[in-house]
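S.K.: Protein chains in written order, with my numbering: chain U, 16 to 266; chain V, 7 to 579.
Even for Gly, the Cβ is constructed at its ideal location relative to N, Cα and C.
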Ligand SMILES: Cc1cc2nc3c(=O)[nH]c(=O)nc-3n(C[C@H](O)[C@H](O)[C@H](O)COP(=O)(O)OP(=O)(O)OC[C@H]3O[C@@H](n4cnc5c(N)ncnc54)[C@H](O)[C@@H]3O)c2cc1C
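1. Is any heavy atom of ligand 1 found at a distance shorter than 7 Å from the C-beta of residue 398(V)?
2. Tell me whether the beta-carbon of residue 175(U) lies closer than 8 Å to the beta-carbon of residue 117(U).
3. Among the candidates 294(V), 205(V) and 131(V), whose CA atom is the shortest distance from the CA of residue 274(V)?
4. Taking residue 52(V) as the query, report the chain U residues whose CB atoms sit under 9 Å from its CB, ordered along the chain.
5. Show which residues of chain V have a CB atom less than 7 Å away from the CB atom of residue 173(U).
6. Per DSSP, what kind of secondary structure is residue 438(V) in: helix, strand or coil?
7. Given 7 Å as the limit, tell me if residue 58(V) has its C-beta closer than that to any heavy atom belonging to ligand 1.
8. Give a yes or no on whether the C-beta atoms belonging to residue 332(V) and residue 344(V) are separated by under 8 Å.
9. Cβ of residue 248(V) within 7 Å of any heavy atom in ligand 1?
10. Between the C-alpha atoms of residue 212(U) and residue 141(U), what's the straight-line distance to the nearest angstrom?
11. Consider the C-beta atom of residue 216(V) and the heavy atoms of ligand 1; say whether any pair is separated by less than 7 Å.
12. Under 7 Å from any heavy atom of ligand 1, does the C-beta of residue 579(V) make it?
13. Quick one: grab the DSSP three-state call for residue 462(V).
14. Based on DSSP bridge pairs, tell me the residues matched to residue 183(V).
15. Mind checking residue 34(U): buried by the 16 CB within 10 Å criterion, or exposed?
16. Name the residues in the region 86-120 of chain U whose C-beta lies less than 7 Å from a C-beta of chain V; which are they?
17. I'd like to know whether the C-beta of residue 49(U) is nearer than 8 Å to at least one C-beta of chain V.
18. Ends of the beta strand (DSSP E) at residue 299(V)?
19. Going by DSSP, which residues form a beta bridge with residue 251(V)?
20. Suppose you measure from the CA of residue 466(V) to the CA of residue 459(V); what does that come to, to the nearest Å?
21. In this structure, does DSSP put residue 601(V) in helix, strand or coil?
22. Residue 216(V): which of 45(U), 78(U) and 49(U) sits nearest, CA to CA?
23. Are the CB atoms of residue 91(V) and residue 75(V) nearer to each other than 8 Å?
24. Please state whether DSSP places residue 290(V) in a helix, a strand or coil.
25. What is the residue span of the alpha helix (DSSP H) that residue 396(V) lies within?
26. Suppose the cutoff is 7 Å on Cβ atoms and the five residues either side in sequence are ignored; what does the same chain contact list for residue 541(V) look like?
27. If I'm right that residue 402(V) touches residue 94(V) with Cβ under 8 Å, what's the distance once you round it to whole angstroms?
28. Return yes when the C-beta of residue 376(V) is under 7 Å from any heavy atom of ligand 1, and no when it is not.
29. I believe residue 360(V) touches residue 237(V) by the beta-carbon criterion, under 8 Å. Please report the beta-carbon distance rounded to the nearest angstrom.
30. Assign residue 218(U) to buried or exposed, taking buried as 16 or more other Cβ atoms, counted over all protein chains shown, within 10 Å of its Cβ.
31. I want to verify the contact list: residues of chain U whose CB lies under 9 Å from the CB of residue 451(V), in sequence order.
32. Please confirm whether residue 350(V) has its beta-carbon closer than 8 Å to some beta-carbon of chain U.
33. Do you know how far the Cα of residue 155(V) is from the Cα of residue 441(V)?
34. Helix, strand or coil for residue 155(U) per DSSP?
35. Three or more C-beta pairs closer than 8 Å, one from the region 310-325 of chain V and one from the region 185-201 of chain V: is that the case here?
36. For residue 239(U) and residue 178(U), what's the separation of their Cα atoms in angstroms?
In structure tokens, the structure reads:
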């Protein structure tokens with residue numbers, strides 16, 4: 016857009032570069048960019064891509080903090096770059112790919128592992144008998160809705176994985192977003208699949224590995240509060256397990 | 007040898023329409039497998055950004071299918087195909103209900119029924135919503151539900167570059183695996199395009215970076231006509247600078263539109279919206295804003311003049327309950343808190359009414375090729391779509407296309423593999439030659455911005471013959487320069503420069519189709535408002551414009567409109 020007003024400010028961007036065809040290890044490259052005062056980190060990256068260096072690779076799309084594509088580490092912290100104001104930063108801004116993920120190229124990370132964890136919690140409505148559309152919508156009270164609504168706000172940006180100290184040590188840990196998602200369905204009054212998901216939660220590398228660091232909740236750009244979801248999920252998975260034990264014994 | 011995959015149906019695009027089509031296809035036949043090929047992970051698709059709601063009849067609100075149909079046809083300025091509209095309104099409640107069964111967190115009334123809100127041009131509150139993140143919740147619900155089906159095989163981050171046609175029918179696609187840089191062939195008896203719109207042809211748009219009209223160009227290049235391309239929707243409430251949308255739901259919930267003098271001009275002056283005021287249709291409100299600014303009643307800002315959207319009287323509690331995302335977006339991207347200040351707004355390019363020509367089944371005239379969602383023109387939106395109709399459209403016509411593609415596939419052949427492979431290899435060679443092609447003197451970013459400027463000045467909210475003709479000739483020039491672009495990135499892995507080049511190629515096709523169609527329509531209808539021809543002219547222009555690709559340039563044609571129960575009348579509110 017018309018860059019005629021506002022104080023432009025020169026900043027130095029130190030950006031991770033990595034091309035697996037050429038590089039053994041990631042390196043950094045420095046770009047000087049005159050930035051508008053209202054720019055986000057993503058605006059500067061797009062400027063670099065368009066005007067300075069078309070070989071830089073990064074993911075982005077909606078630029079309104081909802082598609083979840085543009086998560087990166089900015090000065091060491093996981094951020095959604097389209098909503099991260101440059102005004103909050105100094106002269107030098109360091110942009111790296113999200114931590115705790117393999118790098119595909121430059122600022123692009125590999126998501127395969129995340130997608131598998133995501134699917135493993137069975138993030139869909141499980142019911143014994145499916146209804147036909149002609150039967151009309153379920154009733155769900157505003158209170159029932161609010162029991163899970165917050166946990167349904169995750170945009171899958173994966174900042175919580177980049178922040179999580181457990182993911183860093185144990186890559187197989189299910190991780191905050193996936194647990195929050197499974198928990199979201201468990202808390203939905205329309206769902207009957209909690210037993211199945213709790214079994215997943217009780218499995219190897221899952222809910223019990225969380226060390227309550229709370230980093231996930233702190234970096235979440237959508238206030239999903241995955242740490243709360245994990246806490247509740249842990250408790251429910253235990254209670255559910257204990258209950259099934261009692262039932263088995265008695266029955 | 008090029009890697010190849012075979013599925014019964016190939017769905018291109020993982021947004022609302024593509025996911026719904028894939029689910030419908032596997033549900034239609036327990037043996038069918040679907041390739042879901044998408045240039046971004048499905049949950050990144052731009053459906054995610056839709057805020058306001060999805061329209062469908064609900065019981066007990068004084069609504070009827072006929073009313074929804076009439077509102078839609080009137081909103082379209084009588085250019086909608088009424089068979090498509092009838093099918094749409096009838097299926098709409100069933101589709102939104104399915105999504106409810108699949109977990110979509112629709113907002114609720116106290117009694118647990120689904121809540122609805124008023125929307126522009128709709129006679130009754132029939133817009134279902136999940137606060138103001140409707141597209142986000144719909145997309146995530148669909149995506150998560152789709153994971154249940156092992157027969158939906160995803161090929162994430164695969165960029166389709168060509169339709170493979172054999173013996174007069176579509177039999178697959180060639181796609182670039184973005185991560186490896188390898189070309190791959192996808193063979194299938196039917197292909198469904200669900201690639202979304204093309205807002206990025208314009209400089210100032212609500213659309214995300216991925217909305218580059220790829221599917222329109224793919225079909226166009228395969229000989230399918232693009233229909234009603236001149237009708238592009240400007241949304242009246244975009245944030246200056248970024249173009250980020252402030253949803254129409256903010257007016258549905260009672261927001262006011264004000265000029266610099268704090269006057270509700272949609273109420274105090276005659277802009278054709280009548281009693282509807284802020285809930286008039288988008289084309290009319292966008293024009294009113296432009297006229298206010300031209301009359302000197304706009305406010306000057308760093309990104310041009312704007313008017314304002316005032317939500318203060320709704321109060322913090324209502325804003326937080328119904329419009330929390332609007333508040334978040336206004337704070338981050340405009341630096342204002344709508345609880346305390348009005349939001350700066352101006353018309354912003356938003357939606358393509360036109361697209362790949364299909365009938366009510368989602369079938370294009372090319373056998374084996376289907377299209378649904380914003381890429382398609384099933385002609386339910388005519389010359390102006392009503393807000394909240396298109397999310398529902400993605401579901402209704404996505405599902406229909408999925409079922410029709412499966413039915414068609416039962417009687418179709420697989421096509422000659424050797425010939426398809428040869429075509430895919432040839433396409434692979436073209437992509438290889440383009441990657442890192444240093445010779446050439448034109449820059450992608452520069453050409454893209456010239457194209458966008460041409461589109462904004464030629465095909466804006468108000469249009470003039472002269473400026474439209476100018477856009478047509480500018481675009482022809484830009485297109486010939488496109489053949490001379492230089493690319494610097496020769497690496498295969500996640501090369502986004504070559505994607506940008508391919509996307510620019512697609513956008514130039516689409517932009518040209520828009521400009522040529524616009525320049526030929528010397529009347530005003532719906533979103534196509536000509537200063538030199540301010541009246542609608544049913545005698546000469548009650549038809550769909552068609553554009554076909556020819557080596558020499560776009561060729562115009564026309565197609566008749568299906569009019570059944572609603573005869574054209576003056577469009578007044
Ligand atoms: C900000 C905003 C708000 C909106 N709000 C509303 C609203 O409240 N109500 C309403 O009814 N409508 C709304 N709309 C309109 C509506 O959201 C869209 O028309 C609709 O979501 C389009 O969905 P789609 O499935 O057709 O395309 P998209 O969701 O755009 O998906 C397109 C898919 O195609 C894929 N694709 C594209 N090109 C290629 C290629 N070359 N190769 C492979 N894959 C490809 C992409 O990866 C993506 O998965 C809004 C639109 C915007 C921009």
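M.R.: In short, the structure shows the following:
1. Result yes, Cβ under 7 Å from ligand 1.
2. No, Cβ-Cβ distance for residue 175(U) and residue 117(U) is not below 8 Å.
3. Minimum Cα distance to residue 274(V) is reached at 294(V).
4. Neighbours of residue 52(V) on chain U, chain order: 76, 77 and 82.
5. Residue 173(U) does not reach chain V, its nearest Cβ partner there being about 11 Å away, counting only Cβ pairs nearer than 7 Å.
6. Helix.
7. Taking 7 Å as the cut-off, one finds at least one heavy atom of ligand 1 near enough to the beta carbon of residue 58(V).
8. Judged by beta-carbon spacing, residue 344(V) lies within the 8 Å limit of residue 332(V), meaning their Cβ atoms are closer than that value.
9. Ligand 1 never approaches residue 248(V) closely enough for any of its heavy atoms to be under 7 Å from the residue's Cβ.
10. If you take the alpha carbons of residue 212(U) and residue 141(U), they lie about 10 Å apart.
11. Relative to the non-hydrogen atoms of ligand 1, the Cβ of residue 216(V) comes within a distance shorter than 7 Å of at least one.
12. No, Cβ of residue 579(V) sits at least 7 Å from all heavy atoms of ligand 1.
13. Residue 462(V) falls in the helix class under three-state DSSP.
14. Note: residue 183(V) sits in a beta bridge opposite 164(V).
15. With 16 or more other Cβ atoms within 10 Å, it is buried.
16. Answer in chain order: 98, 119 and 120.
17. Answer no: the Cβ-Cβ gap between residue 49(U) and chain V never drops below 8 Å.
18. Segment: none, residue 299(V) is in no beta strand (DSSP E) and carries neither H nor E.
19. BP columns for residue 251(V) point to 244(V).
20. A straight-line Cα-Cα distance of about 10 Å links residue 466(V) and residue 459(V).
21. Outside the shown range of chain V (7 to 579) lies residue 601(V), about which nothing can therefore be said.
22. Answer by Cα proximity: 78(U).
23. Against a cut-off of 8 Å, the Cβ pair of residue 75(V) and residue 91(V) comes out as a contact.
24. DSSP places residue 290(V) in the helix class (H, G or I) of the three-state scheme.
25. DSSP places residue 396(V) in the uninterrupted alpha helix (DSSP H) bounded by 395-416.
26. Hits under 7 Å: 529 and 530.
27. Contact holds; Cβ gap of about 5 Å.
28. It does not: the Cβ of residue 376(V) is nowhere closer than 7 Å to a heavy atom of ligand 1.
29. Contact holds; Cβ gap of about 5 Å.
30. Counting Cβ neighbours within 10 Å, residue 218(U) comes out exposed, since fewer than 16 surround it.
31. The contact set of residue 451(V) on chain U, defined by CB atoms closer than 9 Å, consists of 64, 65, 66 and 69 in chain order.
32. No, because no Cβ of chain U sits closer than 8 Å to the Cβ of residue 350(V).
33. When rounded, the distance between both Cα atoms is 36 Å.
34. Three-state result, residue 155(U): coil.
35. Too few Cβ pairs lie closer than 8 Å, so no.
36. Rounded to whole angstroms, residue 239(U) to residue 178(U) spans 15 Å at the Cα level.
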